[in-house]
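Single-structure report; data block below.
Number of protein chains: 2
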Amino acid sequence: MADTLTLDRVRELDADDPLKSLRAAFVLPEGLIYLDGNSLGPASETALAGLDRAAVQEWGQDLIRSWNSAGWFQLPLDLGDRVGRLIGAAPGQVAVTDSTSVNIFKALSAAAGLRPGRNVILAEGSSFPTDLYIAEGFVASQPGLTLRLQGEGERIEDMLGPDVAVVLLNHVNYRSGRLLDMAALTRKIHQAGALTVWDLCHSAGALDVDLDGAGADFAVGCTYKYLNGGPGAPAFVYVAERHQAEARQPLSGWWGHARPFDFATRYEGAPQIARFLCGTQPILSLRALKGALEVWEGVDMAVLRRKSLALTDLFIALVENRCGDHGLDLQTPRDHRARGSQVSFSHPAAWPLVQALIERGVIGDFRAPDVLRFGLTPLYLRFEDVWNAVEMLRDVLDSGVWQEARFTARHAVT
Amino acid sequence: MADTLTLDRVRELDADDPLKSLRAAFVLPEGLIYLDGNSLGPASETALAGLDRAAVQEWGQDLIRSWNSAGWFQLPLDLGDRVGRLIGAAPGQVAVTDSTSVNIFKALSAAAGLRPGRNVILAEGSSFPTDLYIAEGFVASQPGLTLRLQGEGERIEDMLGPDVAVVLLNHVNYRSGRLLDMAALTRKIHQAGALTVWDLCHSAGALDVDLDGAGADFAVGCTYKYLNGGPGAPAFVYVAERHQAEARQPLSGWWGHARPFDFATRYEGAPQIARFLCGTQPILSLRALKGALEVWEGVDMAVLRRKSLALTDLFIALVENRCGDHGLDLQTPRDHRARGSQVSFSHPAAWPLVQALIERGVIGDFRAPDVLRFGLTPLYLRFEDVWNAVEMLRDVLDSGVWQEARFTARHAVT
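In the order they appear, the protein sequences are chains A and B.
If you number the first sequence the way the working numbering does, the last residue is 414 and the count never jumps.
If you number the second sequence the way the working numbering does, the last residue is 1414 and the count never jumps.
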C-alpha cells in the first residue's frame, strides 16, 4: 500500500471523505496535529455555545428555574438516549451520569446480584486499571466474592466456569488498541451462564458498537474521548432492557428514586434505567456534552468505521515505510476485526519521542512503560494530517533530537 | 424588634454591613429577589470567567496538555483545601469530587469499616432523603448491617448503644432550617463508641462550621448551594486526619491510587484524603467552582454568621409583624444556636403561595407537603431585599392572588 502512497493520493482520500465537512464543527488549534482524541476529544463550536448558554443564561439569569425550564433534570436520560444511538442501544437503556469508575461499581454490583450462586468476577489483566481497581474494591466489600484476572496467553473463553458470575471486558484495549469481538464473546459468556460488563471507553464514538445486537448485559464508558464531551465529562452506563426490572445497585441516591420530589423516607427505585442514577449531576459539564453530541447527529457509524480503518491503515503503512528502521514495534492488530481507532507502537525511547513530537505540534501520548499511542479520530482528522504526522515522526527519529536532555529528563504525569 | 423597624433603619443595616461589597461579585438578574441560594447559589463573575477560560483556552486550545499546565488533575484536592477553610478543616482533609450521595456511600463504608463489631447505622427520619436512600442501599449491600431511623420526638443521644457503628446527621435540616450542635452531639456519639458522618449541604457556606474543633470524623456536602459553585457542582468529602491511615472505601478508582499513572494492575490507595477520590472528574464544573470560591477569599465566617442571623431575625420579625394573621407557621427555631441560614414556614397553601411569589420576582421554594422555604444568604443579599420580599409576601397574602387557578393547578417538579 505504502509504495503507491503519495501526498497527492492522500489528498484525494480527503477530497473523497464523506465526513470531511464535520471538521469545521471543531475548534482545532492552528498548527497542531491532534492525535490524542482517544484521551481528550477537542471542543466543538456547539459544545462551547451550549456551555456558554448554560452558564450565562440558564445559571446566571434563570437560576433555579432552569431545572425545569432548561431541562437540567432530564439531561442524564436525554443524553443517555443520544449516546445510545452511537453504541447500538435502543432508547431507555443508557444514562449519562457519574464517572466510568462509579458506573463500573454499579454495573458489577447489579450483574453479580443477578447471579447469586456464583462468586467470581473475571477481568482482563491488561484492562484499563480503574476497572480492576473498582472490581478489587467491590469484591473486597462482598464476603465470598473473588476477582480472577486473565493472564498473558490465557483466553477468556477458557476461563469461564460455573463459578463465574460476571466478566468485565474492555471492548478496545487502552494501550494496544486491540478490539474484542463483542458478539462472539458475549455469546460464549452467556453459554457459561455469566453476564457481561463491557467497558466502551475506547470504542464509543470510535467505531460501530452494537450493544443490543451483541446481546450485551451491562456497559459503561466515558464521553470525553471520541465523543468529545469535554474534560472529565460524565460517563454513561447501559443496562439491557431485559435486566432492568431485576437489576439493583447500592448507590441508591435520590436521582434514582421513582418520585424524587416526594421526599419520601424510604427508597423506591425508579423503573428502568433511571435507577442507575444516584446524586445531583454536574450540569455545566453535561451541557457541554449535550452540545458536543449535536455534532454526531446524522453521522453514520458504518461510514465512521470505514474512515477510521482507512486512517489507521494509512498511519501503519506510512510509519512502516518511512520509519521502518528505527525499532518501532507495532502493538495494534493488523486485522481490521481486531483493531480500534488508535495505533500504538512500543519503543524503548517512547517517552522522549512523544515529548519531541509534542514540541513539534504532533500530539500523541505515552503509556508506561514504552508505548507511543496515537488516536486516529474520524470526525476531524484528515488523511493529510496523518501524512504530516508521520513526516514529523520520521524527522524526529532521523534527527535524533529526542535524545536531547529536555525530552529525556522528565517523567509522565498524564 | 419589628415595631422599631422602618425602611430607613433597614437601609442603615445595609450601610453598616461589612460584607456589602461582595454583592458586586455576583451576577444577579435585574428585579429579582433571590431567596433560593440554599438550593442553587447564583453565578459570580469569577465563576463565569474561570469557566470560560477553562472551556475556550484550556480545553479548546491547550487540550490534553491542560491536565498538567492548568492543574486539572489537582483540582479535587486544591479545591478541597479551599472548601476546608470554610468548614473548619485543616488542609489535607477535604476532597471535592463526585456527588454528595456518592460521598455519603464512601463515608458510611469507611466509618462502618472502622467499627467492625457494631451493626447499626443510625440516621434521622427527617434527614434529606438521599442520605437515607444511600444508607438503605449501603446496609442492603452489607449482610448483618441495619439502618435505624430516629422518629419524631426521639433524641439521637438516647438512641446510642453498643450496636451503633455510625451516626449520619444533617447539620442543618433542609426543610426546617434547624441547626444541630455538632460539637455536643459528636462528643456524645464518641462517648458511645460510634463515629459521625455529618451532612453539611445546608451549612457549608451558610455559617461558621468547625469540623476539626468539633472532633468530627467524616463529613460530606455540596458546593452548589451556599458556596455558589454552579448547578450540580461536585460535592466534597471530609475525613479527619486521624482516620485517614485506616479508612477504606470500596469505590477505589484510579484517581485514588497512590501512583495512578503507573497503570499498575493492583490497587494501592493513595495516602490521606486522595484515597477518597474515585474516577475522572467533570473539569468544567470544577473550574466554575474554583472561580466561585475566589469570592470567599478573606471572608470571615464569624462575620458571615452574624449577618446571616441578622437577616433571618429580620425576616422572621417582618413576616410576623406584617403577615401575622395569615396562618404562616414558623418551622425554623428562634434560638440562634439552633438556626441555619434559612427560614421556613408551613402553610396549607404553600405551593400556590410560592408560585405567586415567583411570578412577582421573589424566588423562594416549596418543599412537600406544605413548606415555604427562604434562603437568607449573607454574601449577596441586602437587608432591603428582605424588607421588599416580605412586602411582596404580604401583598400576595392580602390580595388572595395565590388562589387563582394558574398558581394552584400545577405540581412541583423541583
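C-beta: ideal position from N, C-alpha, C; glycine also.
Query	Result
Tell me which residues of the region 1282-1299 of chain B have at least one Cβ-Cβ distance to chain A shorter than 7 Å, keeping chain order.	Pro1282, Ile1283, Leu1284, Ser1285, Ala1288
What does DSSP give as the partner residue(s) for arginine 367 of chain A in the beta ladder?	A/Val371
Would you call arginine 322 of chain A buried or exposed, if buried means 16 or more other Cβ atoms sit within 10 Å of its Cβ?	buried
Just the chain B side, please: which residues come within less than 7 Å of histidine 257 of chain A by C-beta, in chain order?	Tyr1133
Tell me the rounded alpha-carbon separation between leucine 108 of chain A and phenylalanine 1407 of chain B.	46 Å
Tell me where the alpha helix (DSSP H) around asparagine 1103 of chain B begins and ends.	1100-1113
Taking the alpha-carbon positions, what's the serine 141 of chain A to alanine 1245 of chain B distance?	18 Å
At a CB distance below 9 Å, what residues from the region 1212-1230 of chain B approach chain A? Give them in sequence order.	Cys1222, Tyr1224, Gly1230
Could you please give me the residues that DSSP links to isoleucine 33 of chain A through a beta bridge?	A/Val362
Hey, how far is the Cα of glutamine 1093 of chain B from the Cα of methionine 392 of chain A?	46 Å
Find the nearest neighbour of glutamine 191 of chain A within the set A/Ala165, A/Leu180, A/Ala206, A/Leu207, judged by alpha-carbon distance.	A/Ala165
Beta-carbon within less than 7 Å of valine 343 of chain A's beta-carbon, same chain only, minus the 5 sequence neighbours each way: which residues are those?	Gly177, Thr312, Phe315, Ile316, Thr332, Phe374, Leu376
Output, in sequence order along the chain, the residues in the region 1134-1153 of chain B whose CB is closer than 8 Å to any CB in chain E.	Chain labels in this structure do not include chain E; the protein chains are A and B.
Could you check the C-alpha separation between proline 1260 of chain B and phenylalanine 1383 of chain B for me, to the nearest Å?	50 Å
Within its chain, find whatever has a CB closer than 7 Å to the CB of leucine 353 of chain A; leave out the 5 residues flanking it on each side and keep chain order.	His347, Leu372, Val396, Trp402
Buried or exposed, going by whether 16 or more other CB atoms sit within 10 Å of the CB of glycine 1424 of chain B?	Outside the displayed span of chain B (1001 to 1414) sits residue 1424 of chain B, for which this structure offers no information.
For arginine 1082 of chain B and tyrosine 1380 of chain B, which I take to be in contact (beta-carbon distance under 8 Å), what is that distance rounded to the nearest angstrom?	Not confirmed; about 19 Å, so no contact.
In chain order, what are the residue ranges of uninterrupted alpha helix (DSSP H) at least 4 long that sit wholly in the region 1227-1310 of chain B?	1283-1294
Are at least three pairs of beta-carbons, each pair with one atom in the region 39-49 of chain A and one in the region 1024-1036 of chain B, less than 8 Å apart?	no
For the region 264-273 of chain A and the region 1088-1107 of chain B, state whether three or more C-beta atom pairs, one from each stretch, are separated by less than 8 Å.	no
What are the residues that DSSP puts in a beta bridge with valine 1172 of chain B?	B/Leu1179
Do you know whose CA, among A/Val362, A/Leu77, A/Asp17, lies nearest alanine 389 of chain A's CA?	A/Val362
Return no unless some Cβ of chain A is closer than 7 Å to the Cβ of leucine 1022 of chain B.	no
Can a CB atom of chain B be found closer than 7 Å to the CB of glycine 446 of chain A?	Only positions 1 to 414 of chain A appear in the structure, and residue 446 of chain A is not among them; the question remains open.
CA-CA distance, lysine 290 of chain A and glycine 232 of chain A?	14 Å
Check whether the Cβ atoms of alanine 55 of chain A and leucine 1227 of chain B sit closer than 7 Å, and answer yes or no.	no
Can you list, in chain order, the residues of its chain with a C-beta nearer than 7 Å to that of arginine 1011 of chain B? Leave out the 5 residues immediately preceding and following it.	Glu1384
Measuring CB atoms only, is the region 93-103 of chain A touching the region 1062-1082 of chain B, in the sense that at least three cross pairs come out at less than 8 Å?	no
Which term fits leucine 1013 of chain B, buried or exposed, when burial requires 16 or more other beta carbons within 10 angstroms of its beta carbon?	buried
What separation, rounded to the nearest whole angstrom, lies between the Cα atoms of glutamate 241 of chain A and glycine 161 of chain A?	26 Å
Counting only beta-carbon separations shorter than 7 Å, does serine 346 of chain A have a partner in chain B?	no
Under 7 Å between the Cβ atoms of cysteine 1250 of chain B and glycine 253 of chain A?	Here the sequence assigns proline to residue 1250 of chain B, which means cysteine is not the residue at that position. Not in contact: proline 1250 of chain B and glycine 253 of chain A (Cβ atoms no closer than 7 Å).
Anything in chain B within Cβ reach of isoleucine 363 of chain A, meaning under 9 Å, just list it in chain order.	Leu1063, Ile1064, Arg1065
Give a yes or no on whether the C-beta atoms belonging to leucine 1293 of chain B and leucine 284 of chain A are separated by under 7 Å.	no
Taking Cβ positions, are glycine 1230 of chain B and cysteine 1201 of chain B nearer each other than 7 Å?	no
For arginine 1337 of chain B, count the other beta carbons within 10 Å of its own beta carbon; 16 or more makes it buried, fewer makes it exposed. Which is it?	exposed
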